[in-house]
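**Q** Residue numbers (the working numbering): 9 to 271.
Beta carbons are placed, not taken as given, at the ideal position from N, Cα and C, and that holds for glycine.
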Amino acid sequence: MSGVRSGRRCTCWVRARWDWGHYGEHLINGSWRQWDDPECKEEVIQKTAEGRSSSPAWKIFVITLSRNEERRRNVIRQLVSSPWNFEVVEAVDAESTKPELLVASENPVEVLTPGEIACYQSHLRVLQRIVDYGLPYGVILEDDFRLGRTESLTLGNLWTRLPGDADHVQLHNLRNEITREYEIEAEGRYFNKLAVTNALTIGYLVSRRFARWFLGNHSIPQRPIDHQYTQVSKEGEGLFGFYDCQERLIDGFWEMPTTISGR
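Here you go:
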């Protein structure tokens, strides 16, 4: 879709939405704004899928900070031309959030920085949307992601190959490079069933069942959220299906300094 606004040719149009904290939103009715419009810089962006095929059973959520325009543009550039339905979600910002709102356990298992608490809360925000939207699945990406170069598996077709018991799927395929406890229970053609899942939250898939359970049992941080996911995989006694991919669907701009987990 293209057009002209204020004498400027539009290169990317998005539907603007304001993010009012934990979940509530107000849609600016009928408002289409150009991405580089200053008025849009603190808005949550939702892509429309007019003329595109997308399944209502899933959605991509990208966590990003409005103050970091380079990262947000990275998100838009990669996904706006795809056939996938996605929503950009404003992250909890440790730099601007009042300290009393960055709540963690009084007896944490691991010492948490304000940035790690904000990161945890940002992911909880997306888990809540997956539940509230009634989505069977959601893909959660952080804004330093980049789409991997894969031969057979993509974000578009993984749904037709997803194991029926999958509740948490790591998409980065980094294996033992991060978590020493990482353990494959059974290898598969597209997905490996895991006894212990890996760290990082740069890109992963969750089921609504898992999101609802996690919100009810781990809404107060005791450790960084990726470490909490690993702990659940270790202690869940088969309650949830943890997997990762044979191919690297999501890679990272590893040279980018972190912002969501900063401070």
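At the level of alpha carbons, what is the spacing between Gln-129 and Glu-95?
**A** Rounded to the nearest angstrom, the two C-alpha atoms are 17 Å apart.
**Q** Measuring CB atoms only, is the stretch 125 to 140 touching the stretch 209 to 223, in the sense that at least three cross pairs come out at less than 8 Å?
**A** They touch, by the three-pair rule.
**Q** Look at the alpha carbon of Gly-244 and the alpha carbon of Phe-250, and state the distance between them as a whole number of angstroms.
**A** Whole-angstrom Cα-Cα distance: 10 Å.
**Q** My understanding is that Leu-110 touches Ala-102, with C-beta atoms under 8 Å, so please give their C-beta distance in whole angstroms.
**A** So it is a contact: roughly 7 Å between Cβ atoms.
**Q** Less than 8 Å separating the Cβ of Ser-215 from some heavy atom of the ligand NAD?
**A** Among the components modelled here there is no ligand, and therefore nothing to report on the ligand NAD.
**Q** Within 10 Å of its beta-carbon, does Asp-140 have 16 or more other beta-carbons around it, so buried, or fewer, so exposed?
**A** Exposed, by the Cβ-count rule.
**Q** Can you find the residues in the same chain that come closer than 8 Å, C-beta to C-beta, to Glu-255, ignoring five residues on each side of it along the sequence?
**A** Taken in chain order, the residues that qualify are Gly-156, Thr-158, Glu-159, Ser-160, Leu-161, Asn-181, Tyr-198.
**Q** Enumerate in chain order the residues of its own chain whose CB-to-CB distance from Trp-167 is below 8 Å, with the five nearest sequence positions on each side excluded.
**A** So the list reads Ser-63, Ala-65, Trp-66, Tyr-145, once near-sequence residues are dropped.
**Q** Locate the beta strand (DSSP E) running through Gln-86, then write down its first and last residues.
**A** First-last for Gln-86: 77 to 87, but that is the alpha helix (DSSP H), not the beta strand (DSSP E).
**Q** Following the continuous beta strand (DSSP E) through Thr-238, name the residue where it begins and the one where it ends.
**A** Careful: Thr-238 lies outside any beta strand (DSSP E), inside the alpha helix (DSSP H) at 233 to 243.
**Q** Taking just the CA atoms, how far does Val-83 sit from Phe-261?
**A** Approximately 12 Å, taken between the alpha carbons.
**Q** Let me know the secondary structure DSSP gives Asp-4 once reduced to three states.
**A** Residue 4 lies beyond the residue range present for the chain, which begins at 9 and ends at 271; the question has no answer from this structure.
**Q** Please determine, among Arg-188, Asn-93, Glu-98, the residue with the shortest C-alpha to C-alpha distance to Ser-74.
**A** Selected option, being the one with the closest Cα: Glu-98.
**Q** Thinking just about the alpha-carbon of each residue, which of Trp-92, Arg-80, Val-204 is nearest to the one in Val-147?
**A** Comparing Cα-Cα distances from Val-147 to each of Trp-92, Arg-80, Val-204, the minimum goes to Trp-92.
**Q** Mark Pro-107 as exposed unless 16 or more other C-beta atoms lie within 10 angstroms of its C-beta, in which case mark it buried.
**A** Exposed: under 16 other Cβ atoms inside 10 Å.
**Q** Could you give the first and the last residue of the continuous beta strand (DSSP E) run that contains Ile-68?
**A** Element bounds for Ile-68: 68 to 72.
**Q** How close, in whole Å, do the beta carbons of Ile-210 and Asp-152 come, if the pair is a contact with beta carbons under 8 Å?
**A** Indeed they touch by this definition, with Cβ atoms about 7 Å apart.
**Q** Which residues in the same chain have their Cβ closer than 6 Å to the Cβ of Ser-215, if we skip the five residues on either side of it in sequence?
**A** Around Ser-215: Tyr-145, Asp-175.
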